[in-house]
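Inspection log for the structure reproduced underneath, given as structure tokens.
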Amino acid sequence: NDAALEWQATFDAIHDLVMILDQRLRIVRVNAAVESFFQLPREKILGAHCYALMHGARRPPETCPFAAAIESRRHEETEYYDERRNRWFHVSADPLFDRQGTLTGIVHIISDITRRKKSEKALRALAGKVLTAREAECRRLAREMHDDLTQRIAAVAVDVGRFGREPDIVPGVSQRLQAIELQLINLSSDIHALSRQLHPAILDDLGLVEALRSACDGLGRREGIAVEFSATGSAGNLSRATALALYRLAQ
Numbered sequence: 058n059d060a061a062l063e064w065q066a067t068f069d070a071i072h073d074l075v076m077i078l079d080q081r082l083r084i085v086r087v088n089a090a091v092e093s094f095f096q097l098p099r100e101k102i103l104g105a106h107c108y109a110l111m112h113g114a115r116r117p118p119e120t121c122p123f124a125a126a127i128e129s130r131r132h133e134e135t136e137y138y139d140e141r142r143n144r145w146f147h148v149s150a151d152p153l154f155d156r157q158g159t160l161t162g163i164v165h166i167i168s169d170i171t172r173r174k175k176s177e178k179a180l181r182a183l184a185g186k187v188l189t190a191r192e193a194e195c196r197r198l199a200r201e202m203h204d205d206l207t208q209r210i211a212a213v214a215v216d217v218g219r220f221g222r223e224p225d226i227v228p229g230v231s232q233r234l235q236a237i238e239l240q241l242i243n244l245s246s247d248i249h250a251l252s253r254q255l256h257p258a259i260l261d262d263l264g265l266v267e268a269l270r271s272a273c274d275g276l277g278r279r280e281g282i283a284v285e286f287s288a289t290g291s292a293g294n295l296s297r298a299t300a301l302a303l304y305r306l307a308q
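In the working numbering, the protein residues as written are 58 to 308.
Structural data, given as structure tokens:
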């Protein structure tokens, strides 16, 4: 008797809902959390089908892991949203066997994970805001680099090239100026490529497929390797946020 009382006390100390079910999914044992959750005395709960109490249904719902646990003979679990209670639950089922390996019942545990789901939703929203802010800053930097910095470097390259081709310039100096002009042109091209990486304007202009094709072509030119790109289907129905996320993954 003392052992049984100690076991029940341990059972009742568990915060999650714990039920022992028979092979027909009738409740044969519960902890105190189950009584508190359903606001029913233990006598009203024992013998009832778990799906009738939890879902008000006549049969287990599709989200129920019991059938999978009976078939697999191992632990099964799932998460689902309970519209009646406006709560999220994590549900697990662990089969019980006797010494001969015959299935005798199921250990059914239900955990309220609504707080965790709300936190995950808030975290996703925050991540979205951070990503939006990051992309806005990348767009601003890319615009400044493309519209201002590359243009100024190009203008300097033109002036250096013109000066290097003056008829009275010293030959050695002329060659040096031509080398500087080439370096400036390459620098302008590199900055232009960096601005495209920061904000792929081609994604807005021509769409995801052409943006990915351009990125692969650019990678091949930069690294001197052969890059093949192919696309099937249409990406026209994707939102801009989704297309941008896929492009960033490809990068």
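All residues carry an ideal CB built from backbone N, CA and C; glycine is no exception.
Under the DSSP assignment, Glu136 falls outside any alpha helix (DSSP H), being part of the beta strand (DSSP E) whose first and last residues are 133-139.
Rounded to the nearest angstrom, the Cβ distance from Ile248 to Val217 is 17 Å, too far for a contact under 8 Å.
With contacts defined as CB atoms closer than 8 Å, Gly104 and Arg83 qualify as a contacting pair. Taking the C-beta atoms as reference points, Ala307 is found nearer than 8 Å to Ala272. Residue range 74-78 is occupied by the beta strand (DSSP E) that includes Val75, with no alpha helix (DSSP H) assigned at that position. Within 10 angstroms of the beta-carbon of Arg219 lie fewer than 16 other beta-carbons, which makes it exposed. Looking from the CA of Ser93, the closest CA among Asp69, Gln80, His106 belongs to Asp69. In this structure Ile71 is exposed. Its beta-carbon is surrounded by fewer than 16 other beta-carbon atoms within 10 angstroms.
Under the 8 Å Cβ criterion, the region 220-235 does not count as touching the region 160-175, having fewer than three qualifying pairs. Where Val215 is concerned, the enclosing alpha helix (DSSP H) starts and stops at 207-221. Secondary-structure assignment with DSSP links Ser168 through a beta bridge to His147. Per DSSP, the unbroken alpha helix (DSSP H) holding Arg297 starts and ends at 297-307. Using a Cβ distance threshold of 8 Å, Leu265 and Cys195 do not count as a contacting pair.
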